[in-house]
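Engineer:
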Amino acid sequence: MARNISEEDVHQAIGQVMHPEINRTLVELGMVKDITLKNNEVTLTLVLPFLGIPIAVKDYLTNSLCQTVMKLGAKIEVRVAEMNQGKRLAFLAMEQESWKG
-15 MARNISEEDV HQAIGQVMHP EINRTLVELG MVKDITLKNN EVTLTLVLPF LGIPIAVKDY
45 LTNSLCQTVM KLGAKIEVRV AEMNQGKRLA FLAMEQESWK G
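Last residue of the sequence shown: 85 (this note's numbering), numbering continuous.
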């Protein structure tokens, strides 16, 4: 039987998920929002700078979040949304500053 996890557990775990190409976490980049926990089921929104990013990148980010939450013993649903212009500009500035390549 899965243990009951707290919102703090979820936020702490998700806060460690790194972007594969940018030396920042997804949370730091503003890519995760609307995290909710109910009955060991997590729902969150993955916010992308552009909806047209390569499917492999979207899948990688989604899978990283799913694996992290499932390690806690919870189920997860990831929704996808697009950043607004202000968030996109902030993301792009951090991307340029912290690019690994």
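Just so you know, even glycine gets a beta-carbon here, dropped at the ideal spot from N, CA and C.
Source: prediction; values computed, not measured.
#1: So Val62 and Leu30 are in contact, right, with Cβ under 8 Å, and what is the actual spacing, rounded?
#2: Hey, out of Glu25, Glu5, Ala77, Ala74, whose CA is closest to Leu45's CA?
#3: Label Met(-15) either buried or exposed according to how many other C-beta atoms from any shown protein chain fall within 10 Å of its C-beta, with 16 as the threshold for buried.
#4: Who does Val16 pair with in a DSSP beta bridge?
#5: From Ile19 to Lys55, what does the alpha carbon distance come to, in whole angstroms?
#6: In this structure, does DSSP put Glu61 in helix, strand or coil?
Structural biologist: Result, derived from the coordinates:
#1: Contact between Val62 and Leu30 holds: CB atoms are separated by about 5 Å, below the 8 Å threshold.
#2: With distances taken between Cα atoms, Leu45 lies closest to Glu5.
#3: At Met(-15) the pLDDT is 45, less than 50, meaning the model places this residue with poor confidence; the figure from the coordinates comes in the next sentence. By the C-beta density criterion, Met(-15) is exposed, having fewer than 16 other C-beta atoms within 10 angstroms.
#4: Paired residue(s): Leu30.
#5: Rounded to whole angstroms, Ile19 and Lys55 show a C-alpha spacing of 17 Å.
#6: Residue state, collapsed to three classes: strand.
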